[in-house]
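Notes for the one structure printed next.
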Amino acid sequence: MSDEQQVGIVLVSHSGPVAESVAELARGLAAGGVTAPVAPAGGLPNGGLGTSAELIERAAASVDRGAGVAVLVDLGSAVLTVKSMLAEGDELPENTRLVDAPFVEGAVAAVVTASAGGDLAAVEAAASEAYGYRKT
Amino acid sequence: MLDTDFFRRWMTAAAASVEREADQLTELDSAIGDADHGSNLQRGFAAVTEVLEKDAPATPGAVLTLAGRQLISTVGGASGPLYGTLLRRTGKALGDDDEVTQAQFAQALAAGVAAVGQLGGAQAGDKTMLDALLPAAEALATSFDGAAEAARAGAVATVPMQARKGRASYLGERSIGHQDPGATSAALLVEALAATATATDGVDA
Numbered sequence: 002m003s004d005e006q007q008v009g010i011v012l013v014s015h016s017g018p019v020a021e022s023v024a025e026l027a028r029g030l031a032a033g034g035v036t037a038p039v040a041p042a043g044g045l046p047n048g049g050l051g052t053s054a055e056l057i058e059r060a061a062a063s064v065d066r067g068a069g070v071a072v073l074v075d076l077g078s079a080v081l082t083v084k085s086m087l088a089e090g091d092e093l094p095e096n097t098r099l100v101d102a103p104f105v106e107g108a109v110a111a112v113v114t115a116s117a118g119g120d121l122a123a124v125e126a127a128a129s130e131a132y133g134y135r136k137t
Numbered sequence: 017m018l019d020t021d022f023f024r025r026w027m028t029a030a031a032a033s034v035e036r037e038a039d040q041l042t043e044l045d046s047a048i049g050d051a052d053h054g055s056n057l058q059r060g061f062a063a064v065t066e067v068l069e070k071d072a073p074a075t076p077g078a079v080l081t082l083a084g085r086q087l088i089s090t091v092g093g094a095s096g097p098l099y100g101t102l103l104r105r106t107g108k109a110l111g112d113d114d115e116v117t118q119a120q121f122a123q124a125l126a127a128g129v130a131a132v133g134q135l136g137g138a139q140a141g142d143k144t145m146l147d148a149l150l151p152a153a154e155a156l157a158t159s160f161d162g163a164a165e166a167a168r169a170g171a172v173a174t175v176p177m178q179a180r181k182g183r184a185s186y187l188g189e190r191s192i193g194h195q196d197p198g199a200t201s202a203a204l205l206v207e208a209l210a211a212t213a214t215a216t217d218g219v220d221a
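Chains as they are written, first to last, in this note's numbering: chain A, 2 to 137; chain B, 17 to 221.
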């Protein structure tokens with residue numbers, strides 16, 4: 002499967018380091034072939050905590066290969082910002098989806114699935130399934 | 017009729033009001049939130065003022081759409097997408113007209129407020145900005161001052177409520193007894209609107 006057909010993943014956290022680290026973790030655990038494009042969009046452009054529509058827009062554009070983009074988010078304003086951008090219709094690449102998943106576990110599942118060539122629906126399903134893995 | 021300049025002056029007045037009341041908003045937010053509502057909105061509305069000076073949108077709808085876009089980009093907290101949605105949806109509902117009637121504006125604002133409720137999944141009584149915006153939008157059909165009064169009363173009415181949305185909801189019953197920062201800033205916005213109308217000749221305030 003060539004890179005052109007892989008689903009892109011955007012990781013939106015209130016914290017820049019969290020988004021970057023989770024991206025690195027997911028890439029690391031998905032390693033073994035060509036990993037799908039992953040971009041972190043964490044914190045504000047000045048490095049503060051929060052959510053930035055601009056960083057999200059840029060990250061989504063950078064991972065878009067035409068096969069769709071899955072966006073995973075952490076808390077409150079990250080969820081609302083992505084939802085409001087999707088509602089506008091022209092700020093995120095066509096076929097961008099907000100995926101309902103736990104942030105870290107969902108990111109790993111999404112990157113593994115996208116790297117294996119799964120389509121957007123498969124990536125979304127894999128990430129959401131991470132909710133089903135109970136820890137106690 | 018309300019022209020483009022009216023909406024630009026409303027946004028400028030709102031920015032000045034947020035600037036003036038930023039400390040109070042942050043104080044309210046430190047009781048039941050994460051103590052950044054004032055500074056977040058201050059940053060957002062400063063950016064709104066700047067972009068409106070630079071870009072000079074040509075219609076009322078374009079003023080509000082551009083302002084909303086700016087808030088979503090710069091605020092950083094949940095109030096960014098919420099106020100951004102309010103202004104953008106209101107702006108889009110106004111369409112491309114050069115001037116709009118007060119009735120048109122009231123209807124558009126109601127559409128914007130409904131979009132906020134949909135985005136955040138909140139209703140009246142949840143202790144959010146909607147508790148100020150819903151009665152304000154309704155009153156605006158007849159009076160600017162009435163809208164400001166309704167927004168202020170709506171904000172005060174959030175004091176005995178228990179928060180059911182956002183970070184304040186984590187506090188459960190401990191959120192009772194504090195005025196909601198979002199409803200308070202929403203009231204500031206509507207008060208700025210009424211003040212703009214009062215200062216404008218030919219607008220029945």
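Where is the CB? At the ideal position from N, CA and C, for every residue including glycine.
None of these values were measured; they are calculated from a predicted model.
### Task
Kindly indicate if chain A contains any beta-carbon less than 9 Å away from that of VAL79 of chain B.
In the second sequence, the residue the question calls residue 79 of chain B occupies position 63. No, its Cβ sits nowhere closer than 9 Å to a Cβ of chain A.
#### Entry: Listed by chain order, chain B residues near LEU1 of chain A by CB distance under 7 Å
With chain A represented from 2 up to 137, any question about residue 1 of chain A goes unanswered, as that position is not in the structure.
### Task
Measuring only between beta-carbons, confirm whether SER3 of chain A sits less than 9 Å from chain B.
Position 2 of the first sequence, counted from the start, is the residue given in the question as residue 3 of chain A. With a pLDDT of 47 at SER3 of chain A, under the threshold of 50, the predicted position of this residue should be treated as unreliable, though the coordinate-derived value follows. With a threshold of 9 Å between beta carbons, SER3 of chain A makes no contact with chain B.
### Task
Below 8 Å CB to CB, which residues in the same chain sit around MET86 of chain A once its five sequence neighbours on both sides are set aside?
Position 85 of the first sequence, counted from the start, is the residue given in the question as residue 86 of chain A. The beta carbon of MET86 of chain A sits closer than 8 Å to those of ALA54, ILE57, GLU58, GLU92 and LEU93, all from its chain and outside the five residues before and after it, given in chain order.
### 6 Å CB neighbourhood of ALA283 of chain B in its chain, flanking five on each side removed
Residue 283 of chain B cannot be examined here, being either before or after the span of chain B that is shown, 17 to 221.
### Query
When the cut-off is 9 Å and only beta carbons count, does ALA155 of chain B lie next to chain A?
Residue 155 of chain B sits at position 139 when you count from the first residue of the second sequence. Taking 9 Å as the CB threshold, ALA155 of chain B stays off the interface with chain A.
### Query
Under a Cβ-count criterion, where at least 16 other Cβ atoms within 10 Å of its own Cβ denotes burial, should ASN1 of chain A be classed as buried or exposed?
The displayed coordinates of chain A run from 2 to 137. Any statement about residue 1 of chain A would go beyond what the structure contains.
### Task
Compute the distance between the beta-carbons of VAL105 of chain A and THR114 of chain A, then report whether it is under 9 Å.
On the first sequence, residue 105 of chain A is found 104 positions in, with the first residue counted as 1. On the first sequence, residue 114 of chain A is found 113 positions in, with the first residue counted as 1. No, the pair does not count as a contact, with Cβ atoms beyond the cut-off.
### Task
Can you tell me which of B:THR101, B:PHE23, B:THR200 and B:GLN195 puts its alpha carbon nearest to the alpha carbon of ALA47 of chain B?
Indexing the second sequence from 1 puts residue 47 of chain B at position 31. Here the closest residue by C-alpha is B:GLN195.
### Task
Output the distance between the C-alpha atoms of GLN134 of chain B and PHE22 of chain B, rounded to the nearest integer angstrom.
As a working mapping, residue 134 of chain B is identified with position 118 in the second sequence. As a working mapping, residue 22 of chain B is identified with position 6 in the second sequence. Answer to the nearest angstrom: the Cα atoms are 28 Å apart.
### Query
Where does GLY151 of chain A fall in DSSP's three states?
In the structure displayed, chain A extends from 2 to 137; residue 151 of chain A sits before or after that span and is not available.
### Task
Report buried or exposed for THR101 of chain B, applying the criterion of at least 16 other Cβ atoms within 10 angstroms of its Cβ.
Position 85 of the second sequence, counted from the first residue, corresponds to residue 101 of chain B. So THR101 of chain B ends up on the buried side.
### Message
Determine, for THR89 of chain B, whether the minimum Cβ-Cβ distance to residues of chain A falls below 9 Å.
### Response
As a working note, residue 89 of chain B is residue 73 in the second sequence. The sequence shown places Ser at residue 89 of chain B, rather than the Thr named in the question. Residue-level contact by beta carbon holds for SER89 of chain B and chain A, with a gap shorter than 9 Å.
### Query
Can you give the beta carbon distance from LEU204 of chain B to SER33 of chain B, rounded, assuming they're within the 8 Å contact cut?
Here residue 204 of chain B is taken as the residue at index 188 of the second sequence, counted from 1. Here residue 33 of chain B is taken as the residue at index 17 of the second sequence, counted from 1. About 5 Å separates the two Cβ atoms, so the contact holds.
### Query
Is there at least one Cβ from chain B nearer than 9 Å to GLY49 of chain A's Cβ?
As a working mapping, residue 49 of chain A is identified with position 48 in the first sequence. Interface residue (Cβ-Cβ distance to chain B less than 9 Å): GLY49 of chain A is classified as such.
### Task
Measure the Cβ-Cβ separation of ALA199 of chain B and ASP147 of chain B and say whether it is below 9 Å.
Your numbering for residue 199 of chain B matches position 183 in the second sequence. Your numbering for residue 147 of chain B matches position 131 in the second sequence. Cβ atoms of ALA199 of chain B and ASP147 of chain B: closer than 9 Å.
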